[in-house]
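Chains A and B are the protein sequences, given in the same order. Numbering that gives the first Met the number 0 puts the first residue of the first sequence at 0, with every later residue one more than the last. Numbering that gives the first Met the number 0 puts the first residue of the second sequence at 0, with every later residue one more than the last. Ideal Cβ placement from N, Cα and C applies to all residues, glycine included. Quick caveat, the model's predicted, so the values are computed rather than measured.
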Amino acid sequence: MANTYSKVGEMTTNDGVPLKVSLRRSQRKLKLWAFLLVAPLLVFILVSFIIPVVNMTMRGIENPQVANIMPNVVAALENWEGTELPDETVYAALVTDLTMGRKNKNIGKVATRLNYERSGMRRVITGSARKAAKLKEGPYKTQMIEINKAWGDVAVWSLIKRESGTFTSSYLISSVDRKTNDAGEIVAKIEDKQIYVNLFGKTLMMSFSITIICIVLAFPIAYLLATLPLAKSNLLMILVLLPFWTSLLVRTTTWIVLLQSQGVINDLLVWMNIIDEDGRLQMIYNQTGTIIAMTHILLPFMVLPLYSVMKTIPPTYMRAALSLGANPVTAFIKVYIPMTVSGIGAGSLLVFILSIGYYITPALVGGQSGLLISNMIAYHMQNSLNWGLAGALGFILLVIVLLFYALFNKVIGIDKMKMG
Amino acid sequence: MGSKSDFLVQFKNVQKSYDGVHLVVKDFNVDMVKGEFLTMLGPSGSGKTTCLMMLAGFETATSGQIILDGQSINNVAPHKREIGMVFQNYALFPHMTVAENLAFPLRVRKMGKSEVTDKVNRALKMVRLDTFANRRPAQLSGGQQQRVAVARALVFEPKLVLMDEPLGALDKNLREEMQYEIKHIHEDLGVTMLYVTHDQVEALTMSDRIAVFDDGVVQQLASPQSLYEEPCNAFVANFIGENNRLMGKVLSVSGDTCSVELEGGGGTIQATKVNVGQVGDRTTLSLRPERVMVNPAEGSCANLVNATVEELIYHGDHTRTRVSVSGSSNFIIKVPNTHNQQHMKKGESIRIGWDTDDCRALDAND
Chain A
0 MANTYSKVGE MTTNDGVPLK VSLRRSQRKL KLWAFLLVAP LLVFILVSFI
50 IPVVNMTMRG IENPQVANIM PNVVAALENW EGTELPDETV YAALVTDLTM
100 GRKNKNIGKV ATRLNYERSG MRRVITGSAR KAAKLKEGPY KTQMIEINKA
150 WGDVAVWSLI KRESGTFTSS YLISSVDRKT NDAGEIVAKI EDKQIYVNLF
200 GKTLMMSFSI TIICIVLAFP IAYLLATLPL AKSNLLMILV LLPFWTSLLV
250 RTTTWIVLLQ SQGVINDLLV WMNIIDEDGR LQMIYNQTGT IIAMTHILLP
300 FMVLPLYSVM KTIPPTYMRA ALSLGANPVT AFIKVYIPMT VSGIGAGSLL
350 VFILSIGYYI TPALVGGQSG LLISNMIAYH MQNSLNWGLA GALGFILLVI
400 VLLFYALFNK VIGIDKMKMG
Chain B
0 MGSKSDFLVQ FKNVQKSYDG VHLVVKDFNV DMVKGEFLTM LGPSGSGKTT
50 CLMMLAGFET ATSGQIILDG QSINNVAPHK REIGMVFQNY ALFPHMTVAE
100 NLAFPLRVRK MGKSEVTDKV NRALKMVRLD TFANRRPAQL SGGQQQRVAV
150 ARALVFEPKL VLMDEPLGAL DKNLREEMQY EIKHIHEDLG VTMLYVTHDQ
200 VEALTMSDRI AVFDDGVVQQ LASPQSLYEE PCNAFVANFI GENNRLMGKV
250 LSVSGDTCSV ELEGGGGTIQ ATKVNVGQVG DRTTLSLRPE RVMVNPAEGS
300 CANLVNATVE ELIYHGDHTR TRVSVSGSSN FIIKVPNTHN QQHMKKGESI
350 RIGWDTDDCR ALDAND
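Written out as structure tokens, the structure reads:
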């Protein structure tokens, strides 16, 4: 043991190797093993989750169309001031690019891309491309303006120059209901076209309400689960988990059967003379429908973390509070509920984040007013095929979720949470 | 034991059943004097904790009366009973600091702020934790948590404090230290304490009186000294302290003594008659290990028996000597480590003896 200390402060092993080095060496193998164990899952998550997320986010800022399909125009516009119409060389390049694009059948992509920024551009590009192919010789400037007077508009050229980079902020700008005007300033869109900010706000509000309703509904159930004798609590647990074992579509369509205006609940209310035939309640295909159905679907995510926390709270705490003179209500509020905060936090985080990105249920029962931002993202993915905008909206949604995660972490502390 | 008004707690014919078939507490009667330290001692499942919980109000008595300070409290809610309680795992509220934990019973009583601070500080000083006021329970050691729990049960000055195996989670040294500390607090404050434990050493060191529980019945209720020295039945003799048992048959009874023929052919023994039936009945002879003499001078004690040394275990201050007597090989003698003690060897034949007073003839059950 004489050489345990080589010099003051630094420990070494008996053969003189510093203790820290020796420890690291002995743990390296363990770490390698641990890594190998998680490697398959890591690869799976990388391929099926991280790469698609990064890919979609990139689509929100990528802008290859103009740069790739109209390279000559982009080059010719490089030194253009943007104050008056460009000169003949640019128009010549335009004719070359349009002709080329039409031959390659790529011109539609540019047309679509520019149409996002300025409606009518699709027709300008495709029409001009068709006619430009027939032009024999220059000067092209006047001929092109004759073909479509849009080419005589400085704003159109500004747009093309602005979108000539390989990356663009225009999708992100568009995602927050802004646009770049002809002068290049970012301004609000006209009121009719402002949809996303409102939709983000509505999504947050609805997720918040769903979370609150879930807390209120889950708390008593979780309490029962944690305090009932095992046989009864197991049965109750099965009932709580039952929705998990039922298809999402079945559960959602069940709500349609129940809630629609000719549905079970309305029929019952009419039969009991609580409402009359004309006063049937509209409980589905609106916000109410979305909130009811999503609360039902997400409830287990609140019950389980709450239950797992309550299970660990021994009854002696309540007894102690009572013996110290607190009445049952005070004891519950001052002693029991604070001890379930980590469960409430974990459940709320789960429910909130899940509902902020929920898609199928609002699509089925949400009607117009019950749609969430994810439905808009899906619309741009599947219908309008504007993947750039979908990527940008998704990116903003991801940022919001991460912000809330950070907020939760600061207020409650992720490490203290119990996820079930 | 004083006039009736001196009784703080009275259990009158209390019975408790959980399932309607078995009685967990069969017939519990106890009168606690003000200022008394009473311990309920017994193996787990003997009903002692149930009695405590009935007094605290967390269980209801199936029949009988529980009287606190002259008033029946059968129908009083737990939070109105004004009884302090220390729980087995302390039940300190983890989300509150030590000071907040102590302030809790005062706050729910709507006490003024300065008064609360005052009382909390005094209670913390009493358990020598004044510098820990702002810590969370999780940041304290087991012994410190224990002291906080005691302080919290006392801070609102209840007439009665209940303790449910409060030292069970501590290691041996700390447990002994805490026993004295609780004992001193009890003496200083003069508060009445009802203590539950299954540890007989704990019960003997701390209590004024001990109620020994078994099978839902109080087997004996007496001071520590008389419990140890005058156990009234075989269970108590066995449960309290170390005990040697010899089975025998009663040959004759004369006054306070009886002669018993040992089973296994060890001869006839004179014993104090405590709890035996008629002549011819079986009996258990109870004998404390430290009262047995090795090779006593002829005629110096009433009973002399042959024994063989089976095992010698050195304990420093004494040597535990296991011998076989009259067919029983589990007979323990504590031989004190004194100057003139002769050394025995394993397998050696010796003579052992004891006084009639030290050998108690008890019931044969057990």
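Asked                                                                                                                                                                                  : Found
DSSP three-state label for residue 169(B), please.                                                                                                                                     : coil
In whole angstroms, what is the alpha-carbon distance linking residue 77(B) and residue 140(B)?                                                                                        : 29 angstroms
Taking only beta-carbon atoms, is residue 90(B) less than 7 angstroms away from chain A?                                                                                               : yes
Counting C-beta neighbours from all protein chains within 10 Å, is the total for residue 3(A) 16 or more, i.e. buried, or is it exposed?                                               : For residue 3(A), the predicted model reports a pLDDT of 48, less than 50, meaning its position is unreliable; a value from the coordinates is still stated below. Answer is exposed; the Cβ neighbour count stays below 16.
Beta-carbon within less than 6 angstroms of residue 93(A)'s beta-carbon, same chain only, minus the 5 sequence neighbours each way: which residues are those?                          : 72
Is the Cβ-Cβ distance between residue 181(A) and residue 193(A) less than 7 angstroms?                                                                                                 : no
If we cut at 7 angstroms on Cβ distances, does residue 219(A) have a partner in chain B?                                                                                               : no
Mapping DSSP to helix, strand and coil, what is residue 70(B)?                                                                                                                         : strand
Of the residues 154(B), 143(B), 208(B), 163(B), which one's Cα is nearest the Cα of residue 176(B)?                                                                                    : 143(B)
Any chance you could list the beta strand (DSSP E) runs of at least 3 consecutive residues sitting entirely within the stretch 155-225 of chain A, in chain order?                     : 177-179, 185-187
If distances are taken between C-alpha atoms only, which option among 282(A), 234(A), 277(A) comes closest to residue 257(A)?                                                          : 282(A)
With a CB to CB cut of under 8 angstroms and the five nearest residues on each side skipped, what residues in its chain are close to residue 84(B)?                                    : 55, 152, 160, 161, 162, 163
Verify whether the separation of the beta carbon atoms of residue 165(B) and residue 82(B) is less than 7 angstroms.                                                                   : no
Between which two residues does the alpha helix (DSSP H) harbouring residue 58(A) extend?                                                                                              : 50-58
Is there at least one Cβ from chain A nearer than 7 angstroms to residue 104(B)'s Cβ?                                                                                                  : yes
Starting from the beta carbon of residue 222(A), find every residue of chain C whose beta carbon is closer than 9 angstroms, and list them in chain order.                             : Absent from the structure is chain C; the protein chains it does hold are A and B.
For residue 10(A), decide whether its Cβ has a neighbour in chain B, counting only Cβ atoms nearer than 7 angstroms.                                                                   : no
Under the rule that 16 or more other beta-carbon atoms within 10 Å means buried, what is residue 124(A), buried or exposed?                                                            : buried
Does any CB atom of chain B fall closer than 7 angstroms to the CB of residue 202(A)?                                                                                                  : no
Could I get the ranges of all uninterrupted beta strand (DSSP E) runs contained in the stretch 57-114 of chain B, with 3 residues as the minimum, in chain order?                      : 62-67, 82-85
Residues in the stretch 316-329 of chain A with C-beta within 8 angstroms of chain B's C-beta atoms, listed in sequence order?                                                         : 316, 318, 319, 320, 321, 322, 323, 324, 325, 326, 327, 329
Measure the CB-CB distance between residue 95(A) and residue 75(A) and report whether it falls below 7 angstroms.                                                                      : no
Less than 7 angstroms between the C-beta atoms of residue 188(A) and residue 201(A), yes or no?                                                                                        : no
If I measure Cβ to Cβ from residue 347(B) and keep anything under 6 angstroms in the same chain, skipping five residues before and after, which residues do I get?                     : 308
In terms of DSSP beta bridges, what is residue 283(B) paired with?                                                                                                                     : 246(B), 361(B)
In terms of alpha-carbon separation, which member of 234(B), 317(B), 191(B) lies closest to residue 32(B)?                                                                             : 191(B)
Three or more beta-carbon pairs under 8 angstroms between the stretch 391-410 of chain A and the stretch 51-59 of chain A, yes or no?                                                  : yes
Within the stretch 355-412 of chain A, note down every full alpha helix (DSSP H) run reaching 4 residues or more, in order along the chain.                                            : 359-364, 372-381, 386-410
Could you check whether residue 370(A) and residue 379(A) sit closer than 7 angstroms to each other, using their CB atoms as the reference points?                                     : no
Quick check: the Cα distance between residue 8(B) and residue 65(B), rounded to an integer number of angstroms?                                                                        : 7 angstroms
Roughly how far, in whole angstroms, is the beta-carbon of residue 283(B) from the beta-carbon of residue 362(B), given that I think they are within contact range, below 8 angstroms? : 6 angstroms
I'd like the list of long-range same chain contacts for residue 235(B), defined as Cβ closer than 7 angstroms, with 5 residues on each side in sequence excluded.                      : 211, 218, 219, 226
Helix or strand or just coil, what does DSSP make of residue 120(A)?                                                                                                                   : helix
Residue 55(B) versus chain A: which residues are under 8 angstroms apart at the beta carbon?                                                                                           : 318, 322
Just checking, does the stretch 322-333 of chain B make contact with the stretch 193-203 of chain B on the three C-beta pairs under 8 angstroms criterion?                             : no
If I'm right that residue 170(A) touches residue 90(A) with Cβ under 8 angstroms, what's the distance once you round it to whole angstroms?                                            : With a Cβ gap of about 29 angstroms, residue 170(A) and residue 90(A) do not count as contacting.
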